[in-house]
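Structure first, commentary second.
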Amino acid sequence: MRLHDGHSASRNLLQPTGSLGALRLLAGAAAALLGGMVAISLADASDFRAAPFIVGVGGFVLLAVSLRLPMTLVFAVILYESLLSWQEASQIAVLGYNRLLYYAVMVGGFSMAVVGSAILRRRRVALTWVDVTLVLYLAAAGLSTRASVDPATARPGLTYLAAGALCIYTVRLTIRTQAHKRQVLAFLLGFMVFEGLLGAFQFVTRQGLLYTFFESGADLVPRAPGTLGNGLGWYLSVGYILAFNLWLYSRTRTQAWLFAIVTASIAIGLIASNTRGSWVDCAIATVLSLLPALRARPRRALSIVAMAGAVVLIALTSSLLRGRVESIVGQVNDPIGNTFGFRLYMWRAAVDMFGANPLVGVGPDNFKPLMPNYADDEGRVALHLDRGATYNVHHAGLQVLAETGIVGGAAYALFVAAFVGQAWRVCRALKDTDRGWGMALLVFALTSTLSMIYGGYAYGGYTQIGRLYFVLVGLTLAQANMLQRTRRSV
């Protein structure tokens, strides 16, 4: 089968990239596998016996379609992450399968498609420090899984990390041209706009809202869920970082108006999500974006600051939103008995858990079931652990340390540092050609890293954010590969 790479910038993005006969053969094989899988599933209700057939079908279908339409893999992984994986582990019941099988299907199916596509197209990528440190972190997580307190819980956590790594290479191996990048970015931002507008509609009409609270004795807090549930705000914060930088550094008036509308649509969804942590992340990202813009484009930067100030003042006319903003300051001044205080108790338990298992930790995903064993007496009362409640740590750094120990923590820190360094180099290389995109990647890398340190960026229980992070890592590496090919061709 002869396939061409399809990375010419002038070629239509959706042009088929393979032999039609071979693609039909793959599609036929996928259909046969699908029929066999359905028949066996009907005859045997065992989830695990059906798993290889599901993986095979998913892999063949994705491979067949992606050879015809290369961007299918990226779209599929983004939709998978956004529409399905936002649920808590206990809620994951896609087709009735349990969590381990759920992740295994993703890893197996996407791996077959990605590896098959890369081999058939003879694609090669240069090894980077991001790759090396990611392998070290996965190895550390595997070691921690072997020595974990509860291997049955740790294995799905390890599979989850493998699925995150798969997001990186799905994006990295598929995006080969600027046209590919633009289509994926349009798809991602378009989805964010839809979620933002849907969330705003839900908030205004009071339809489909979630009501959550963790503060002792506090009122219920309404949150617009969009289609993503409680994670809408965290998800939209990523879209805001991308859209805001593309608006701030846009080169034409048409681009400026387009990205201003996109940014505003995402921002109103952020407000409706009523998630204070995502607001803090976006505020940090805005400052990081505006600092270099004050020198490069002072007039636009100052006008954006003025508009943002006006929007904030208008938003604060809502007593609900004003109370949420004021509560951030109040919780810092008096943390005990509210959300921030709850997190302090969970962070203290994570430190104690790490102290008891310093080398390799307690195993991936084992913090939540083991947390009651490490909470102090004050924390047990404040967190209502006597009622059977337990929580995720809500702090990426502490979760990695508690679950994978010094070995995993050091590898993860190196991975994050390698990503920030790669984003910095990409941003510098794009300074004169596509500064908005370069700044978007760099600001995301910096904001997510800072947020992981202070406990804002979602991790662990908020699984869709963890893997969306890996999607952005993949975009950064794909952009680096494109720059490298450009330099070689000059």
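Take the sequence shown: its position 419, counted from the start at 1, is 418 in numbering that gives the first Met the number 0, and no numbers get skipped. No residue lacks a Cβ here, since even glycine has one placed at the ideal position from N, Cα and C. Just so we're clear, the structure is a prediction, and the values are computed from it rather than from any experiment.
Top-ranked residue by Cα proximity to residue i, from the options
i	options	result
glycine 232	Ile270, Leu397, Thr262	Ile270
arginine 250	Leu209, Ala355, Trp436	Trp436
glutamine 398	Asp375, Glu377, Pro368	Pro368
arginine 275	Asn244, Val134, Arg222	Arg222
alanine 138	Val415, Tyr411, Leu445	Tyr411
arginine 466	Ser447, Ile452, Met481	Ser447
alanine 409	Tyr136, Glu194, Ala75, Ala255	Tyr136
valine 415	Ile77, Ser116, Trp128, Val64	Trp128
lysine 430	Tyr453, Pro291, Val350	Pro291
leucine 400	Gly189, Met451, Tyr248, Val170	Met451
alanine 162	Gln206, Asp376, Ser110	Ser110
leucine 196	Pro224, Thr169, Ser65	Pro224
alanine 428	Leu382, Thr485, Arg379	Thr485
alanine 125	Gln421, Asp433, His179	Gln421
tryptophan 346	Gly454, Thr226, Gln483, Ala117	Gly454
alanine 146	Leu187, Leu358, Leu241	Leu358
threonine 132	Gln483, Leu413, Met481	Leu413
asparagine 356	Gly378, Glu377, Ile405, Thr389	Ile405
threonine 475	Ala151, Ala63, Val134, Thr169	Thr169
tyrosine 248	Leu188, Thr432, Leu482	Thr432
Element boundaries [alpha helix (DSSP H), containing residue i]
i	result
isoleucine 240	231-247
asparagine 372	366-373
serine 147	Where serine 147 is concerned, there is no enclosing alpha helix (DSSP H), given that its DSSP letter is neither H nor E.
alanine 263	252-272
alanine 381	376-381
Sequence-distant residues of its chain with Cβ nearer than 7 Å to residue i (five each side left out)
i	result
tryptophan 423	Leu441
valine 183	Met70, Val73, Ile174
alanine 140	Leu157, Leu160, Pro363, Thr403, Gly407
leucine 384	Pro371, Ala374
leucine 449	Ile283
tyrosine 461	Residue placement at tyrosine 461 is flagged as unreliable, the pLDDT there being 42, under the threshold of 50; the coordinate-derived value follows with that caveat. For tyrosine 461, where only same-chain residues beyond five positions count, the Cβ hits under 7 Å are Gly230, Trp233.
serine 45	Any reading at serine 45 must be qualified, since the residue scores a pLDDT of 47, below 50, and its modelled position is unreliable; no value is offered.
alanine 75	Leu61
valine 148	Val361, Gly362, Asn365, Leu369
leucine 445	Leu287, Val419
proline 15	The pLDDT assigned to proline 15 is 41, lower than 50, so where the model puts this residue is not dependable, and the model offers no usable value.
serine 65	Thr71, Leu72, Ala112, Ser116
Beta-carbon proximity list for residue i, same chain, < 6 Å, skipping 5 on both sides
i	result
valine 472	Ile167, Phe418
cysteine 281	Ser236, Tyr239
glutamine 478	Val425
tryptophan 246	Phe258, Ala259, Thr262
aspartate 351	Tyr373
phenylalanine 469	Gly163, Cys166, Ile167
8 Å Cβ shell around residue i - same chain, five flanking residues per side excluded
i	result
asparagine 244	Ser288, Gly435, Trp436, Met438, Ala439, Val442
leucine 208	Gln201, Phe202, Pro221, Arg222, Ala223, Pro224
Item checked: Every unbroken beta strand (DSSP E) within the stretch 167-202, with a cutoff of 3 residues, ordered by chain -> Under the rule that a run must span 3 or more residues, no beta strand (DSSP E) segment is found entirely inside the stretch 167-202.
Check: At which residue ranges does the stretch 384-445 contain complete alpha helix (DSSP H) runs of 4 or more residues, listed in the order of the chain?
Finding: For the stretch 384-445, the full-length alpha helix (DSSP H) segments reaching 4 residues or more read 395-428 along the chain.
Margin query: With three or more C-beta pairs closer than 8 Å as the rule, is the stretch 170-187 touching the stretch 55-74?
Written below: yes
Note to self: Below 8 Å, how does it come out for the stretch 257-267 and the stretch 285-294: are there three or more Cβ pairs, yes or no?
What the structure shows: no
Checklist line | Cβ contact (3+ pairs, closer than 8 Å) linking the stretch 338-355 and the stretch 384-403 | finding: yes
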